[in-house]
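Visitor: Following this message is one structure expressed as structure tokens.
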């Protein structure tokens with residue numbers, strides 16, 4: 009719940025789980041069985057109800073979402089325990105959950121992102137003081153919202169009397185879990201991933217006891233939730249002498265490709281969710297080896313392949329250079345041009361093994377040894 013979120017301080021990012029293997033749901037939860045009563049029974053119910061998963065999810069991925077939405081009759085439900093630990097300052101308490109998080113977050117990431125206004129309600133309290141206008145903060149739990157405010161006016165969600173808080177949220181990365189939820193017939197649930205970052209735009213009090221807080225999802229300078237690598241089907245073989253490769257989902261655009269002689273570097277963007285990212289792919293089968301999110305910018309990021317298997321990255325109007333190494337890790341900026349208009353272009357001089365950077369206003373050439 010928003011009242012339990014530590015909005016007064018920023019916790020360290022959630023990381024480490026993304027390196028776990030994808031396992032069947034039973035194995036992914038084997039290390040947390042002791043937290044619950046009859047968890048194995050609920051796992052069986054979830055998998056039974058997800059025998060024909062949609063949205064390109066596997067049965068185990070769909071079942072992970074389904075299980076998350078279940079309300080257990082005895083003891084705490086899974087979503088209650090998981091969200092409590094996601095909000096904890098000590099991240100080591102999440103380690104037993106890493107295998108499930110890998111399955112669950114992978115499932116959510118495979119769903120199309122939704123840009124919409126969604127709603128979230130809290131009964132029995134005024135949270136206005138926790139969310140003053142202008143505050144930027146993260147919600148660390150999985151945030152359950154709805155696209156229809158009428159739903160949250162029911163007694164279970166918000167009610168129509170007493171002190172209550174309603175969040176109106178402009179989201180850009182919402183995930184509709186309707187096709188995978190236990191309540192697929194009655195709720196149009198949108199969830200926001202852990203580590204979603206917001207800014208408070210304003211507050212209104214349209215009726216006695218009702219406090220509406222307007223939030224807008226924004227991009228933080230660094231990822232607060234390290235995302236797993238999603239392997240998408242990428243190739244379709246034709247009968248001719250070439251192959252047609254499909255590189256992403258709808259609304260994703262491939263801006264440019266560079267080769268370092270061993271691998272291919274792809275720069276992609278998705279403007280509807282304000283995302284730029286770099287993918288390192290194996291040329292033989294176009295499988296993704298590594299993926300790195302970059303700070304979103306309206307301009308396309310530029311990429312130059314270096315002969316030492318690294319890639320040099322900058323934006324058209326960027327003031328910093330980044331190096332992406334052969335392992336797909338984004339290194340800290342190697343040079344700042346804060347006193348100039350930005351980087352116009354880069355080039356590599358093979359004979360002397362150096363690269364050249366052209367800056368704008370003043371127009372200068374800067375030479376660096378590789």
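Numbering (the numbering used here), first residue to last: 9 to 378. Cβ coordinates follow ideal geometry from the N, Cα and C atoms, glycine included. This one's a predicted model, so the numbers in the text were calculated from it and none came from an experiment.
Evaluate residue 107 with the Cβ neighbour count: other Cβ atoms within 10 Å of its Cβ, from every protein chain shown; 16 or more gives buried, anything less gives exposed.
Guide: Burial call: buried.
Visitor: Can you grab the Cα-Cα spacing for the pair residue 241 / residue 183, in whole Å?
Guide: Bear in mind that the predicted position of residue 241 carries a pLDDT of just 49, short of 50, making it unreliable; the figure below should be weighed with that in mind. Distance between the alpha carbons of residue 241 and residue 183: 21 angstroms.
Visitor: From what residue to what residue does the beta strand (DSSP E) around residue 301 run?
Guide: Unbroken beta strand (DSSP E) run through residue 301: 296 to 302.
Visitor: Here's a check: name, in chain order, each residue in its chain whose Cβ is nearer than 7 angstroms to the Cβ of residue 332, leaving out the five neighbours to either side.
Guide: Around residue 332: 286, 300, 318, 319, 321 and 338.
Visitor: Inspect the beta-carbon positions of residue 156 and residue 186 and report whether they are closer than 7 angstroms.
Guide: In this structure, residue 186 does not lie closer than 7 angstroms to residue 156 by Cβ.
Visitor: Can you give the beta carbon distance from residue 21 to residue 203, rounded, assuming they're within the 8 angstroms contact cut?
Guide: Right, the Cβ-Cβ distance comes to about 7 angstroms (below 8 angstroms), so this counts as a contact.
Visitor: In or out: residue 81 buried (at least 16 other Cβ within 10 Å) or exposed?
Guide: Its Cβ having fewer than 16 others within 10 Å, residue 81 is exposed.
Visitor: Check whether the segment 169 to 181 and the segment 100 to 120 are in contact - that is, three or more C-beta pairs closer than 8 angstroms.
Guide: Because the criterion of three Cβ pairs below 8 angstroms is not met, the segment 169 to 181 and the segment 100 to 120 do not touch.
Visitor: My understanding is that residue 78 touches residue 50, with C-beta atoms under 8 angstroms, so please give their C-beta distance in whole angstroms.
Guide: Right, the Cβ-Cβ distance comes to about 6 angstroms (below 8 angstroms), so this counts as a contact.
Visitor: Taking only the alpha-carbon atoms, compute the straight-line gap between residue 314 and residue 272 and give it to the nearest angstrom.
Guide: Approximately 12 angstroms between the Cα atoms of the pair.
Visitor: Once DSSP output is grouped into helix, strand and coil, what is the label at residue 17?
Guide: Of the three classes helix, strand and coil, the one that applies to residue 17 here is coil, per DSSP.
Visitor: Mind checking which residues open and close the beta strand (DSSP E) that includes residue 219?
Guide: Residues 218 to 225.
Visitor: I need the boundaries of the alpha helix (DSSP H) containing residue 92, first residue and last residue.
Guide: Where residue 92 is concerned, the enclosing alpha helix (DSSP H) stretches over 86 to 94.
Visitor: Comparing alpha-carbon positions, which option in 176, 135 and 137 lies nearest residue 124?
Guide: Taking only the C-alpha atoms, the option nearest residue 124 is 176.
Visitor: Whose CA, out of 154, 236, 218 and 200, lies closest to the CA of residue 7?
Guide: No information on residue 7 is available, as it lies outside the stretch 9 to 378 that the chain covers here.
Visitor: If you reduce the DSSP assignment to three classes, tell me which class residue 320 lands in.
Guide: Residue state, collapsed to three classes: strand.
Visitor: Roughly how many angstroms lie between the CA atoms of residue 188 and residue 61, to the nearest whole one?
Guide: Between residue 188 and residue 61, the C-alpha separation is close to 7 angstroms.
Visitor: Output the distance between the C-alpha atoms of residue 14 and residue 142, rounded to the nearest integer angstrom.
Guide: Spanning the two alpha carbons is a distance of roughly 17 angstroms.
Visitor: Taking the CB atoms as reference points, tell me whether residue 216 and residue 144 lie closer together than 7 angstroms.
Guide: Cβ atoms of residue 216 and residue 144: not closer than 7 angstroms.
Visitor: Considering only residues of the same chain and omitting the five flanking positions on each side of residue 105, which have a CB-CB separation below 7 angstroms?
Guide: Closer than 7 angstroms at the Cβ level, and outside the excluded window around residue 105, lie 40, 90 and 93.
Visitor: Rounded C-beta distance between residue 135 and residue 214? I'm assuming under 8 angstroms.
Guide: Their Cβ separation, rounded to whole angstroms, is 16 angstroms, which puts residue 135 and residue 214 out of contact at 8 angstroms.
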